[in-house]
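J.:
Numbering (the numbering used here), first residue to last: 1 to 351.
1) Tell me, please, which residues DSSP counts as bridged to residue 284.
2) Do residue 155 and the ligand FAD come close, with the Cβ less than 8 Å from some heavy atom?
3) Please return the same chain residues whose Cβ sits closer than 6 Å to the Cβ of residue 336, not counting the five positions on each side in sequence.
4) Could you give the DSSP three-state label for residue 68: helix, strand or coil?
5) To which residues of the same chain is residue 287 closer than 6 Å at the C-beta, ignoring the five residues directly before and after it?
6) Which residue from 243, 226, 225, 152 puts its Cα closest to that of residue 190?
7) Quick check for students: name the residue ranges of the beta strand (DSSP E) that lie wholly in the segment 146-183, counting only runs of 3 or more.
8) Is the separation between the beta-carbon of residue 203 and that of residue 188 shorter than 9 Å?
9) When DSSP builds the beta bridges, which residues end up paired with residue 229?
10) I think residue 311 touches residue 339, with their Cβ atoms under 8 Å apart; what is that distance to the nearest whole Å?
11) What's the gap between the Cα of residue 193 and the Cα of residue 248?
12) Report yes or no: do the segment 311-321 and the segment 265-285 share at least 3 C-beta pairs separated by less than 8 Å?
13) Give the straight-line distance between the Cα atoms of residue 231 and residue 89, rounded to the nearest whole angstrom.
14) Per DSSP, what are the beta-bridge partners of residue 269 in this structure?
15) From residue 130 to residue 273, what does the alpha carbon distance come to, in whole angstroms?
16) Considering only their Cβ atoms, is the gap separating residue 175 from residue 254 smaller than 9 Å?
17) Determine the burial state of residue 383: buried for a count of at least 16 other Cβ atoms within 10 Å of its Cβ, exposed for fewer.
18) Mapping DSSP to helix, strand and coil, what is residue 92?
19) So, helix, strand or coil for residue 252, using DSSP?
20) Helix, strand or coil for residue 323 per DSSP?
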């Protein structure tokens with residue numbers, strides 16, 4: 001094991017011992033996938049309609065986003081088309097960016113259409129329930145189960161893996177900025193704070209026992225820089241804890257906000273080319289501002305960049321095998337077309 005870098009700033013530590021838990025050779029395709037919600041599990045591919053170009057000359061700056069103002073029926077159809085895999089009671093799909101899992105009564109969410117989705121998939125009275133899901137602004141894998149016992153078993157597996165600090169989820173992110181360390185872990189105490197009518201995640205420096213009792217949580221994520229170019233990086237992230245917006249805030253603490261983060265990126269300021277952290281409690285969310293060089297590389301106007309979707313994708317999920325000693329089952333979801341287009345524009349090529 002070798003050490004790369006240790007820094008401490010505003011209640012977070014970036015520790016640089018190289019961690020050997022990454023699955024080397026993890027395939028992340030930069031080629032464009034299906035225009036809707038391209039789906040892939042291991043080597044299994046399902047045909048999905050027509051394709052959109054993901055390069056600089058594509059007709060849409062952000063291909064593959066969920067259309068606005070969908071009806072319930074249209075959302076059910078979109079989710080049915082996004083199914084990655086079905087094994088027994090388990091249904092896995094590739095959630096589009098922007099779709100909330102839960103919400104207020106009357107809102108159109110994944111949870112609200114699960115009865116219709118269950119019927120559409122021919123499950124009858126066996127209604128699906130959410131076992132694991134990416135957040136609203138992120139895209140990627142969602143694990144559903146029509147069997148309560150199976151769902152409980154999987155929840156216990158995820159809880160045990162978390163306590164043992166064995167990552168089960170791998171996210172891909174494009175960051176505006178390149179982390180100083182190529183690989184390491186980020187530790188930060190986080191809390192939810194109501195600021196100007198919005199619940200935001202803020203770091204807490206040196207939390208006390210009282211802070212912990214009042215909802216402050218110590219969080220941990222592993223990261224690895226996969227590729228860099230044009231002042232940006234493709235980063236793999238593996239959270240070892242679960243907290244609202246954990247990965248976005250962790251990358252802000254690295255001074256490298258996730259591309260399309262219009263909530264927390266304003267906390268990173270720049271003076272004479274040097275980045276620094278602004279106070280989280282007094283920095284209001286605002287649209288992410290990209291420099292002119294990056295806008296040119298992405299072939300975006302400032303108004304288009306203001307609509308840039310969050311480039312954070314739950315790409316890989318590990319599930320337990322049938323027996324205790326079995327090799328974990330791996331689920332994969334390809335990158336959204338707009339994500340692949342961004343990689344192509346930035347020249348972030350993967351082997």
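We treat Cβ as the ideally placed atom computed from N, Cα and C, and that holds for glycine.
T.: Quick look at the numbers:
1) Looking up residue 284 in the chain shown gives position 284. Looking at the DSSP assignment, residue 284 forms no beta bridge with any residue, so it has no partner.
2) The model depicted lacks the ligand FAD and carries no ligand whatsoever.
3) Here residue 336 is taken as the residue at index 336 of the chain shown, counted from 1. Counting only Cβ-Cβ distances below 6 Å, and skipping sequence neighbours, we find 64, 139.
4) Stepping through the chain shown from its first residue, residue 68 is reached at position 68. Reduced to three states, the DSSP call for residue 68 is coil.
5) As a working mapping, residue 287 is identified with position 287 in the chain shown. Cβ neighbours of residue 287 beyond the five flanking positions: 262, 306.
6) By 1-based counting over the chain shown, the position of residue 190 is 190. Comparing Cα positions, the closest option is 243.
7) 169-176
8) Here residue 203 refers to the residue found at position 203 of the chain shown. Here residue 188 refers to the residue found at position 188 of the chain shown. Yes; because the gap between Cβ atoms is below 9 Å, this pair is in contact.
9) Here the question's residue 229 lines up with position 229 in the chain shown. Residue 229 is bridged to 232.
10) The residue given as residue 311 occupies position 311 in the chain shown. The residue given as residue 339 occupies position 339 in the chain shown. Confirmed, about 6 Å.
11) Residue 193 sits at position 193 when you count from the first residue of the chain shown. Residue 248 sits at position 248 when you count from the first residue of the chain shown. Rounded to whole angstroms, residue 193 to residue 248 spans 16 Å at the Cα level.
12) no
13) Counting from one through the chain shown, the residue named residue 231 turns up at place 231. Counting from one through the chain shown, the residue named residue 89 turns up at place 89. About 44 Å.
14) For the purposes of this step, residue 269 is taken as residue 269 along the chain shown, with counting starting at 1. Looking at the DSSP assignment, residue 269 forms a beta bridge with 276.
15) The sequence position of residue 130 within the chain shown is 130, counting from 1. The sequence position of residue 273 within the chain shown is 273, counting from 1. The straight-line gap from Cα to Cα measures roughly 44 Å.
16) Counting from one through the chain shown, the residue named residue 254 turns up at place 254. Counting from one through the chain shown, the residue named residue 175 turns up at place 175. Against a cut-off of 9 Å, the Cβ pair of residue 175 and residue 254 comes out as a contact.
17) Residue 383 lies beyond the range of the chain shown here (1 to 351); nothing can be said about it.
18) Here residue 92 refers to the residue found at position 92 when the chain shown is read from its first residue. DSSP places residue 92 in strand when its eight states are reduced to three.
19) Start at 1 with the first residue of the chain shown, and residue 252 comes out as number 252. Helix.
20) Taking the chain shown and counting its residues from 1, the one referred to as residue 323 is at position 323. Three-state result, residue 323: coil.
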